[in-house]
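Engineer: One structure follows; several queries about it will come next.
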Amino acid sequence: MHTRDLIDLAELKPSELQDILRFTGFIAQNPQYYRGNAEHKIMATLFYEPSTRTQMSFQAAMLRLGGRLIGFDDPDNSSVAKGESLKDTVRVISNYADVLVIRSPLEGAALAASLYSRCPVINAGDGGHLHPTQTLTDLATLDNAVGRLDHLTVGLCGDNLNGRTVHSLVKTLSRYAGNHFVMISTPELALPGYLLDEITRGGSTYARAETLEEAIPALDVLYMTRIQKERFASVDEYERLKDVFVLDRAKLKHAKSALRILHPLPRVNEIAVDVDDDPRATYFAQTEYGLYARMALLQRVLEHTDRAVPTAPADTHKARCTNERCVTSKEHYLPRLFKETDAGLVCRYCEQLSMNNGQ
Amino acid sequence: MHTRDLIDLAELKPSELQDILRFTGFIAQNPQYYRGNAEHKIMATLFYEPSTRTQMSFQAAMLRLGGRLIGFDDPDNSSVAKGESLKDTVRVISNYADVLVIRSPLEGAALAASLYSRCPVINAGDGGHLHPTQTLTDLATLDNAVGRLDHLTVGLCGDNLNGRTVHSLVKTLSRYAGNHFVMISTPELALPGYLLDEITRGGSTYARAETLEEAIPALDVLYMTRIQKERFASVDEYERLKDVFVLDRAKLKHAKSALRILHPLPRVNEIAVDVDDDPRATYFAQTEYGLYARMALLQRVLEHTDRAVPTAPADTHKARCTNERCVTSKEHYLPRLFKETDAGLVCRYCEQLSMNNGQ
Amino acid sequence: MHTRDLIDLAELKPSELQDILRFTGFIAQNPQYYRGNAEHKIMATLFYEPSTRTQMSFQAAMLRLGGRLIGFDDPDNSSVAKGESLKDTVRVISNYADVLVIRSPLEGAALAASLYSRCPVINAGDGGHLHPTQTLTDLATLDNAVGRLDHLTVGLCGDNLNGRTVHSLVKTLSRYAGNHFVMISTPELALPGYLLDEITRGGSTYARAETLEEAIPALDVLYMTRIQKERFASVDEYERLKDVFVLDRAKLKHAKSALRILHPLPRVNEIAVDVDDDPRATYFAQTEYGLYARMALLQRVLEHTDRAVPTAPADTHKARCTNERCVTSKEHYLPRLFKETDAGLVCRYCEQLSMNNGQ
Numbered sequence: 274m275h276t277r278d279l280i281d282l283a284e285l286k287p288s289e290l291q292d293i294l295r296f297t298g299f300i301a302q303n304p305q306y307y308r309g310n311a312e313h314k315i316m317a318t319l320f321y322e323p324s325t326r327t328q329m330s331f332q333a334a335m336l337r338l339g340g341r342l343i344g345f346d347d348p349d350n351s352s353v354a355k356g357e358s359l360k361d362t363v364r365v366i367s368n369y370a371d372v373l374v375i376r377s378p379l380e381g382a383a384l385a386a387s388l389y390s391r392c393p394v395i396n397a398g399d400g401g402h403l404h405p406t407q408t409l410t411d412l413a414t415l416d417n418a419v420g421r422l423d424h425l426t427v428g429l430c431g432d433n434l435n436g437r438t439v440h441s442l443v444k445t446l447s448r449y450a451g452n453h454f455v456m457i458s459t460p461e462l463a464l465p466g467y468l469l470d471e472i473t474r475g476g477s478t479y480a481r482a483e484t485l486e487e488a489i490p491a492l493d494v495l496y497m498t499r500i501q502k503e504r505f506a507s508v509d510e511y512e513r514l515k516d517v518f519v520l521d522r523a524k525l526k527h528a529k530s531a532l533r534i535l536h537p538l539p540r541v542n543e544i545a546v547d548v549d550d551d552p553r554a555t556y557f558a559q560t561e562y563g564l565y566a567r568m569a570l571l572q573r574v575l576e577h578t579d580r581a582v583p584t585a586p587a588d589t590h591k592a593r594c595t596n597e598r599c600v601t602s603k604e605h606y607l608p609r610l611f612k613e614t615d616a617g618l619v620c621r622y623c624e625q626l627s628m629n630n631g632q
Numbered sequence: 274m275h276t277r278d279l280i281d282l283a284e285l286k287p288s289e290l291q292d293i294l295r296f297t298g299f300i301a302q303n304p305q306y307y308r309g310n311a312e313h314k315i316m317a318t319l320f321y322e323p324s325t326r327t328q329m330s331f332q333a334a335m336l337r338l339g340g341r342l343i344g345f346d347d348p349d350n351s352s353v354a355k356g357e358s359l360k361d362t363v364r365v366i367s368n369y370a371d372v373l374v375i376r377s378p379l380e381g382a383a384l385a386a387s388l389y390s391r392c393p394v395i396n397a398g399d400g401g402h403l404h405p406t407q408t409l410t411d412l413a414t415l416d417n418a419v420g421r422l423d424h425l426t427v428g429l430c431g432d433n434l435n436g437r438t439v440h441s442l443v444k445t446l447s448r449y450a451g452n453h454f455v456m457i458s459t460p461e462l463a464l465p466g467y468l469l470d471e472i473t474r475g476g477s478t479y480a481r482a483e484t485l486e487e488a489i490p491a492l493d494v495l496y497m498t499r500i501q502k503e504r505f506a507s508v509d510e511y512e513r514l515k516d517v518f519v520l521d522r523a524k525l526k527h528a529k530s531a532l533r534i535l536h537p538l539p540r541v542n543e544i545a546v547d548v549d550d551d552p553r554a555t556y557f558a559q560t561e562y563g564l565y566a567r568m569a570l571l572q573r574v575l576e577h578t579d580r581a582v583p584t585a586p587a588d589t590h591k592a593r594c595t596n597e598r599c600v601t602s603k604e605h606y607l608p609r610l611f612k613e614t615d616a617g618l619v620c621r622y623c624e625q626l627s628m629n630n631g632q
Numbered sequence: 274m275h276t277r278d279l280i281d282l283a284e285l286k287p288s289e290l291q292d293i294l295r296f297t298g299f300i301a302q303n304p305q306y307y308r309g310n311a312e313h314k315i316m317a318t319l320f321y322e323p324s325t326r327t328q329m330s331f332q333a334a335m336l337r338l339g340g341r342l343i344g345f346d347d348p349d350n351s352s353v354a355k356g357e358s359l360k361d362t363v364r365v366i367s368n369y370a371d372v373l374v375i376r377s378p379l380e381g382a383a384l385a386a387s388l389y390s391r392c393p394v395i396n397a398g399d400g401g402h403l404h405p406t407q408t409l410t411d412l413a414t415l416d417n418a419v420g421r422l423d424h425l426t427v428g429l430c431g432d433n434l435n436g437r438t439v440h441s442l443v444k445t446l447s448r449y450a451g452n453h454f455v456m457i458s459t460p461e462l463a464l465p466g467y468l469l470d471e472i473t474r475g476g477s478t479y480a481r482a483e484t485l486e487e488a489i490p491a492l493d494v495l496y497m498t499r500i501q502k503e504r505f506a507s508v509d510e511y512e513r514l515k516d517v518f519v520l521d522r523a524k525l526k527h528a529k530s531a532l533r534i535l536h537p538l539p540r541v542n543e544i545a546v547d548v549d550d551d552p553r554a555t556y557f558a559q560t561e562y563g564l565y566a567r568m569a570l571l572q573r574v575l576e577h578t579d580r581a582v583p584t585a586p587a588d589t590h591k592a593r594c595t596n597e598r599c600v601t602s603k604e605h606y607l608p609r610l611f612k613e614t615d616a617g618l619v620c621r622y623c624e625q626l627s628m629n630n631g632q
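Residue numbers (the working numbering), protein chains in the order written: chain A, 274 to 632; chain B, 274 to 632; chain C, 274 to 632.
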């Protein structure tokens, strides 16, 4: 990888993403070949919010490579909660570890951490912003279980407006040729316009479907996500529509036999339990591909062994990001980094448009 | 072992139990001989209720074999609490691990987990139901510190009505020849009738004693448990009896020199601290035998390397278990499994009689 | 080491301290040479209060030596909270581990633990009493980053009255030749008199300064600590003085180029963030020396392989310690151990003068 850290999957060159996916496939075939590759290396998990699933997946990946673990997953129960800055925590823990895996409710926290770390930083989720290893997991699952990332008809069923993993998957698949997306949700929960633009710009196409039943026969891939009850327009709407977006065995009858059903998990009830034993249910295997993808990623970032603290970048503008969920709203020493776009200044941490440009 | 999982010690064939106990004895003599036997293996601890003692004992056992650890011990601090089913958690984590150790406040949770796991499951306590590795610990202690499991006079002092570990020990020792049990408790806290039946059916015998003092001279083994204050019939009764069931140095005066005092720990004050230095106090050594017993057990279950998800069994009856503490009361997708007995249908998960048979 | 345990740095012979510091320096140069030296060994962390920083430092040190980890850091979430005595916990966990690292809010807890442990005990902080590995970290930092422990002019800026790490550092440096201490604090927060006596008794000298600015030009070492707001004599005093004891880039202008700035961390705002990139800022490197110092210490204590439980010492007096923060106030079975001094009986656990001598 040309970057030391994995903050955003979009920063990887296509050849680098390809390399990690191919490597993941090799590992999936013979995981035991790689079991000494992180020996004597320490991975620190800095989980500022609990996420047992993601944390255990990283931990298992590191252990499968022969590595070791330190970390915390409950900042209330730690000196981290005693007002210490993210910078200080990262400066100290990167003295102990060879790779940091960070999860935070604050958008841009992983990028902020990478500015002060002596070792590579992997973003394990920064608020509603990015979760690149989930997307890597999804891609590795398609690559291995479907066999390709292009010329796919991909159904996106559930909350396409707020689903971070859906957005990231759409963005990445739009870079491959000939994909067609079928969005299956209420109009209120449709994909944001900027993503529709990305789809068409990349040469992919999309359509909308009002029910899962109507969409399912054409699909190669069905990516399910949960719609939270409070995201429906009204209680009436919820009662009327709640079953329309639930996958069950009956709806699967008209699906292709080669369909692959993915879900980022945890699920609640958007996939009925009776689907689990259908050979098209791929969501549990998906977590196994996630393990191998993280093993591949860890090996790649551990190739960076320079332990110098990066030189902190200078402010690019005097503006302050106005997004309250941005890491800069809590960590005031962070350099002010913005990109100039047609719409105005965009914060480099959270990628939101700043509302007080140039002040 | 003929079963992949260890849910209930009673499922082991006598020869299998014998094998594990003998293996435990070998390990106790040279623990370092076994230190690479779980290399590259991962044990996941799924502790739905905290139990530091049990968890650390399993963890130390796995580490002493060269294995690695993942897990959680605080479900409130995890995605597990976000409404995910036990099934999904087990399906996912068994993708990461080679053996699952599960603890739950729900009766039958370990059996339920084993239906969906790709790797062996060990029951580390399922509510008030079973705790087989505690019993294995007790047996290993007798086998090593006393030298036999038969022809023993075993005092059971404390809460014999509610003590899960006492019940399990009595059940297992009743299968060996010539044991005699002396129950030392209030009448209200006597052993349940079905266990008295098991004792006599197996050819063992029992007697009752009202005080520890009266019983102690005849004992080869004294198994102490705590009586919770609220378990006495009244406050008066508690005040009158509380010291009768406390072991101290004075009461030990008339005991055999070969007596072995066991306790599942933690103790509160039912054994006075001045007993700790008596050579007959075996309860701390017991925890060390527990370590070796778990090392033996882990090695045996890790011999099962088939990673297929078991085929879920079909419902045996239409009944629902009516026990609120049964895992089926929370996890509704579980197959309904019952045994028919003279008294009615008995739930296979919690082993309680179901109250709405056949509905 | 002539003692098995590290409870108080003052118990080490000068040659032993010297050995550990020299060993630390070797490790700092080639940490990878030592990476198998604790293979197959288990370190248990018994953290009765959370201290993520200290715990992770010990964990990383043990892992860097190839060792393994068990432990807890949240007693509320453990059977430890269910009324189990420290003695029982230590007796059990020392059956599982090769070294115990204990942290407790109770003064003397590590000494108490060492009386019942089958393996070496390291004090990772016992209330406001001792924190020997922090002092070891400080000394290793001076030894490596400054190059000597004698003939130094050491500024102590912050809360010199309550700072446990400051006291311990002063005590130890007073044993080396020709050190000069400059105390930079409010009069209310000056070093306690008994420490001033230790300084002069050892042949070192001291002076007071009212501001950081005034003191800084002469310093070889500046040891910064935080003053909590409520430690100032009044709110007015706080407002008047709060900036006087804050180190920033401006105040650094008149400092020597060879100055080394230390801080036990975490900091709040007593060192401005703009100091971090100054080459004299040594507080992050200090945490790395702390890692190497703990690696050295762990190797030394792991040389003790006798696993016998120590013979508990007998009461030296009938007195009870009257310090409510002393471990003996909670753990009543502990032997009553006192030293006779001119001022009266001093408790061996918490080193406080007992108020009811001889009762």
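C-beta atoms are modelled at their ideal positions from N, C-alpha and C, and glycine is treated no differently. Just so it is clear, the structure is predicted and the values come from calculations on it, not from any experiment.
Shorter than 8 angstroms from the beta carbon of residue 313 of chain C to some beta carbon of chain B?
Structural biologist: For residue 313 of chain C, the answer is yes, since a Cβ of chain B falls inside 8 angstroms of its Cβ.
Engineer: Near residue 475 of chain C, what residues of its chain come up, given a Cβ to Cβ distance below 6 angstroms and the 5 sequence neighbours on each side ignored?
Structural biologist: Closer than 6 angstroms at the Cβ level, and outside the excluded window around residue 475 of chain C, lie 447 and 448.
Engineer: Can you list the residues of chain C that residue 364 of chain A reaches, using a CB-CB cut of under 7 angstroms?
Structural biologist: Here the neighbours are 557.
Engineer: Do residue 356 of chain A and residue 309 of chain A have their C-beta atoms closer together than 8 angstroms?
Structural biologist: Cβ distance not < 8 angstroms, so residue 356 of chain A and residue 309 of chain A don't count as in contact.
Engineer: Run down chain B in chain order and give the residues with a C-beta less than 8 angstroms from the C-beta of residue 501 of chain A.
Structural biologist: What residue 501 of chain A touches in chain B: nothing, since even the nearest Cβ is about 11 angstroms away.
Engineer: Compare the C-beta of residue 361 of chain A against all C-beta atoms of chain C and say whether one is closer than 8 angstroms.
Structural biologist: It does; some Cβ of chain C falls within 8 angstroms.
Engineer: Grab the span of the alpha helix (DSSP H) containing residue 295 of chain B for me, first residue to last.
Structural biologist: Per DSSP, residue 295 of chain B belongs to the alpha helix (DSSP H) from 287-302.
Engineer: Whose C-beta lies closer than 7 angstroms to the C-beta of residue 515 of chain B among residues of the same chain, with five residues either side of it excluded?
Structural biologist: Closer than 7 angstroms at Cβ, skipping near neighbours: no residue.
Engineer: Can you tell me which of C/564, C/624 and C/589 puts its alpha carbon nearest to the alpha carbon of residue 599 of chain C?
Structural biologist: Among C/564, C/624 and C/589, the Cα nearest to that of residue 599 of chain C belongs to C/624.
Engineer: Just to confirm, is the Cβ distance from residue 548 of chain A to residue 525 of chain A under 8 angstroms?
Structural biologist: The answer is yes: Cβ separation under 8 angstroms.
Engineer: What residue ranges within the region 494-551 of chain A form continuous alpha helix (DSSP H) runs of no fewer than 4 residues, ordered along the chain?
Structural biologist: You should have 508-514 and 522-525.
Engineer: Could you spell out where the alpha helix (DSSP H) holding residue 489 of chain B opens and where it closes?
Structural biologist: Note, residue 489 of chain B: premise wrong, no alpha helix (DSSP H); not H, not E.
Engineer: In angstroms with no decimal places, state the Cα-to-Cα distance between residue 552 of chain A and residue 324 of chain C.
Structural biologist: Straight-line Cα distance between these residues: approximately 48 angstroms.
Engineer: Would you be able to state if there are at least three C-beta pairs under 8 angstroms between the region 283-294 of chain C and the region 403-420 of chain C?
Structural biologist: The region 403-420 of chain C is in contact with the region 283-294 of chain C.
Engineer: Roughly how many angstroms separate the alpha carbons of residue 614 of chain B and residue 621 of chain B, rounded to a whole number?
Structural biologist: Looking at the two C-alpha atoms, the distance is approximately 12 angstroms.
Engineer: Terminal residues of the continuous beta strand (DSSP E) containing residue 590 of chain C?
Structural biologist: Neither: residue 590 of chain C is in no beta strand (DSSP E) and is coded neither H nor E.
Engineer: When you compare only the Cα positions, how much space is there between residue 406 of chain C and residue 567 of chain C?
Structural biologist: Cα-Cα distance, rounded: 7 angstroms.
Engineer: Can a CB atom of chain A be found closer than 8 angstroms to the CB of residue 541 of chain C?
Structural biologist: For residue 541 of chain C, the answer is yes, since a Cβ of chain A falls inside 8 angstroms of its Cβ.
Engineer: Here's the rule I'm using: 16 or more other beta-carbon atoms within 10 Å means buried, otherwise exposed. How should residue 302 of chain C be labelled?
Structural biologist: Classification for residue 302 of chain C: exposed.
Engineer: Could you check whether residue 504 of chain A and residue 462 of chain A sit closer than 8 angstroms to each other, using their CB atoms as the reference points?
Structural biologist: Yes, these two residues count as a Cβ contact at 8 angstroms.
Engineer: Please confirm if residue 330 of chain B has its CB atom under 8 angstroms from at least one CB of chain F.
Structural biologist: No chain F appears in the structure shown, which is made up of the protein chains A, B and C.
Engineer: Report the residue from C/384, C/361 and C/374 whose alpha carbon sits nearest the alpha carbon of residue 334 of chain C.
Structural biologist: It is C/374.
Engineer: If you reduce the DSSP assignment to three classes, tell me which class residue 631 of chain B lands in.
Structural biologist: A caution first: residue 631 of chain B carries a pLDDT of 48, below 50, which makes its placement in the model unreliable, though a value can still be read off. Reduced to three states, the DSSP call for residue 631 of chain B is coil.
Engineer: If you draw a straight line from the alpha carbon of residue 595 of chain C to that of residue 343 of chain C, how long is it in whole angstroms?
Structural biologist: The straight-line gap from Cα to Cα measures roughly 34 angstroms.
Engineer: The region 555-587 of chain B: which residues have C-beta closer than 7 angstroms to a C-beta of chain C, in chain order?
Structural biologist: Here the close residues are 557, 560, 561 and 564.
Engineer: Could you check which residue in A/616, A/546, A/472 and A/376 has the C-alpha nearest to that of residue 322 of chain A?
Structural biologist: The shortest C-alpha separation from residue 322 of chain A is found at A/376.
Engineer: Using the beta-carbon of each residue, which ones in chain A are nearer than 7 angstroms to residue 546 of chain C?
Structural biologist: Those within 7 angstroms of residue 546 of chain C in chain A are 606.
Engineer: Just to check, is the beta-carbon of residue 415 of chain C closer than 7 angstroms to a non-hydrogen atom of the ligand FAD?
Structural biologist: With respect to the ligand FAD, the structure offers nothing, as it holds no ligand at all.
Engineer: If you draw a straight line from the C-alpha of residue 585 of chain B to the C-alpha of residue 383 of chain B, how long is it?
Structural biologist: Cα-Cα distance, rounded: 14 angstroms.
Engineer: Whose CA, out of A/510, A/436, A/472 and A/347, lies closest to the CA of residue 401 of chain A?
Structural biologist: Of A/510, A/436, A/472 and A/347, the residue nearest in Cα terms is A/436.
Engineer: For residue 418 of chain A, which option in A/482, A/311 and A/531 has the closest C-alpha, if you only look at C-alpha atoms?
Structural biologist: Ranking A/482, A/311 and A/531 by Cα distance to residue 418 of chain A puts A/531 first.
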